[in-house]
Amino acid sequence: MDADITPAREPLSVLERGLRLFTDVRSGEGLTGIVMFADVFLILCAYYFVKALRDGWIAVSEVAGLSQVELKAYTSFAQSLLLCGIVATYARLSARWPRRTLITRVTLVCISNLVLFWLLQPGFLFTNLPGAGVAFYVWVGMFGVFVVAQFWTFAADLYAGERGRRLLPLIAVGATGGAAFGSFLTQHLLRSGLVDSGTLLLIAIVPLAGSILLTRLADARGPVGGMRVERTARRAPAVSGAPAGAGALDLIFRHRYLAAVATVALLTNWVNTNGENLLFRVLQETLRDDVAARGLTGTVAVRAFVREGTTAFYGNYFFWVNLCALLAQALLASRLLRWGGIGAVLLLLPIISLISYSSMAVLPVLGVVRVTKIAENATNYSIDNTARQVIWLPTTTEMKYWTKPAIDS
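For what it's worth, my numbering labels the leading residue of the sequence shown as 41, then goes sequentially.
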């Protein structure tokens, strides 16, 4: 891991003085910081191109005996089971390849998969290929783990100790900014009719390819530039003290700190997933009412309406979630972390979730569910996300690359 030291103090550059509006940036840290900012901006932008399409595709997928809401819930569960095996493979690869090579190859695999799913989209080569929507839903979940989570693993590994506590909130602004921009662009493109929802899969390739170049640049520069580390030091070798073949789960259970981090992630994801399933159910009920009101008939027409309506709704929904998250990240996250510490920041999301689900229980209509989920997810993606990345700073490189993808999944 790179040492958390800064060369002899020099005057701040114009860039670094500007970045100090968000957090405490010191001499030499500005350029790599802005590269990492842009890197995660592009990754999250690409992710939100495909995330809205995921819900639209699952809404027109059919499995005998299951409603769309049940199918979505069971698919999420299947995704978690499948991730257990894939995370183990990822951990082994992280021990063999330098982090730059690992991230590059995983991202290239995701790019090739985007092309494959573009070919399989409903109405292109096939009317509605059985199982394709389920496979795409599962894949997007893995995309979120193996591209988004590996970036944060890389960032926590690049920025050690005190430097990470200062700079990760700045980089997180790039994440929320990219998510907001990707959601806005998705909403704008679909409303304008310039592209259909399936074309978003090809558009997502552009920012993903750009993120590979920025990751390699940041890794070559180091946290302050000119601080290269030998390639072997960037690998995640077999964990110290772990028996041969020990997996990520074994490592988590043997370290109380990792077990606590995993418990927080599990509870957060469980509560959030239940809320997302509720939102999806209320939305599908609303769209069914719209289909009846418009007098739409015919399977193809109804599927097209539901798919495009679901994708457009989530494009707009994710835009507002990420716009609110961007404002919270830019204006509040680093200050709350500095004033209240990790413990206080981690308590904020449960309080907001309690208020949100109490409101849904009283009035379970689309408008109320949408607003309360925006409040919950905006907090989750900004302030709470920053705290959940910072808690990885005390861990070793091995712990980050072996267990973080497993915990985030």
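Every residue gets a Cβ at the ideal spot worked out from N, C-alpha and C, and that includes glycine.
Here the structure is a predicted model, which means the values were calculated and not measured.
Same chain, Cβ closer than 7 Å to residue i, neighbours up to 5 away in sequence not counted
i	result
Phe353	Leu323
Ala299	Ile292 and Phe293
Pro404	Val322
Ala418	Val361, Cys364, Ala365 and Ala368
Val103	Leu111
Ser398	none
Cβ separation of residue i and residue j, assumed to be a contact under 8 Å, to the nearest whole Å
i	j	result
Val80	Gly218	6 Å
Gln429	Leu198	Incorrect: roughly 12 Å between the Cβ atoms, too far for contact.
Glu110	Pro263	In fact, because the Cβ distance is near 47 Å, the residues do not count as touching under 8 Å.
Ala373	Ile392	Their Cβ separation, rounded to whole angstroms, is 14 Å, which puts Ala373 and Ile392 out of contact at 8 Å.
Arg347	Gly96	5 Å
Thr351	Leu327	Between Leu327 and Thr351 the Cβ distance is about 11 Å, and since that is not below 8 Å, they are no contact.
Phe320	Ala92	Not a contact, Cβ separation roughly 12 Å.
Beta-carbon proximity check, residue i vs residue j, cutoff 9 Å
i	j	result
Phe176	Ile98	yes
Trp442	Ala131	yes
Gly171	Ser116	no
Leu377	Thr435	no
Gln369	Val213	yes
Arg140	Asp259	yes
Ile151	Ala249	yes
Val174	Ala244	no
Leu160	Gly355	no
Asn168	Arg296	no
Ser223	Asn362	yes
Ile83	Val187	yes
Ile318	Val411	Looking at the sequence provided, one finds Leu at residue 318 rather than Ile. Result no, Cβ atoms of Leu318 and Val411 do not sit closer than 9 Å.
Leu241	Phe89	yes
Leu225	Cys85	yes
Thr129	Lys440	no
Phe153	Thr308	Looking at the sequence shown, residue 153 is not Phe but Asn. No, these two residues do not count as a Cβ contact at 9 Å.
Close beta carbons around residue i, own chain, < 8 Å, minus the five adjacent residues each side
i	result
Val65	Leu52, Glu56, Leu59, Gly73, Arg206, Leu207 and Leu210
Ala189	Lys444, Pro445, Asp448 and Ser449
Leu148	Ile252
Glu345	In the sequence under discussion, the amino acid at residue 345 is Phe, which differs from the Glu named in the question. So the list reads Leu327, Asp330, Val331, Arg334 and Leu336, once near-sequence residues are dropped.
Residue i, DSSP secondary structure in three states
i	result
Phe164	coil
Trp310	helix
Leu71	helix
Lys244	Note that residue 244 corresponds to Ala in the displayed sequence, not to Lys. Reduced to three states, the DSSP call for Ala244 is coil.
His228	helix
Pro390	helix
Pro434	coil
Tyr199	coil
Asp329	helix
Ala276	Confidence is the limiting factor: at Ala276 the pLDDT is only 47, short of 50, which leaves the residue's position unreliable, though a coordinate-based value still follows. In this structure, Ala276 counts as coil in the three-state DSSP scheme.
Val264	coil
Pro138	coil
Asp259	helix
Arg66	coil
Arg60	coil
Ala370	helix
Ile151	helix
Asp79	helix
Leu133	helix
Asp236	coil
Gly338	coil
Ala352	helix
Glu416	helix
Leu52	coil
Cβ shell of residue i (< 6 Å), same chain only, five flanking positions each side left out
i	result
Ser232	none
Leu366	Thr216, Gly217 and Ala220
Val75	Leu254, Leu257 and Ala258
Glu316	none
Leu386	Ala427
Gln227	Gly355, Asn356 and Phe359
Gly381	none
Val146	Phe186
Ala302	Ile292 and Ile447
Gln108	Ala99 and Gln324
Residue closest to residue i, alpha-carbon to alpha-carbon, out of the options
i	options	result
Leu122	Val340, Leu225, Val178 and Asp424	Val178
Gln157	Ile143, Thr239, Thr426 and Arg145	Reading the sequence as shown, one finds Phe at residue 157 and not Gln. That would be Thr239, whose Cα lies nearest to the Cα of Phe157.
Trp432	Ser67, Phe191, Leu169 and Asn314	Phe191
Leu388	Leu93, Ser223, Asp424 and Cys85	Asp424
Thr413	Asn153, Asn312 and Phe186	Contrary to the premise, residue 413 reads as Lys rather than Thr in this sequence. Among Asn153, Asn312 and Phe186, the Cα nearest to that of Lys413 is on Asn312.
Gly265	Thr63, Leu71, Glu50 and Val54	Leu71
Pro162	Trp379, Ala341, Ser422 and Gly407	Ala341
Ser422	Leu165, Leu371, Arg261 and Leu394	Leu371
Ala78	Tyr397, Arg375, Pro390 and Pro247	Pro247
Ser120	Glu325, Arg375 and Leu306	Leu306
Val127	Thr339, Asp290, Val301 and Glu325	Asp290
Below-9 Å beta-carbon distance, residue i vs any chain C residue
i	result
Thr63	Among the chains in the structure shown there is no chain C, since it carries only a single protein chain.
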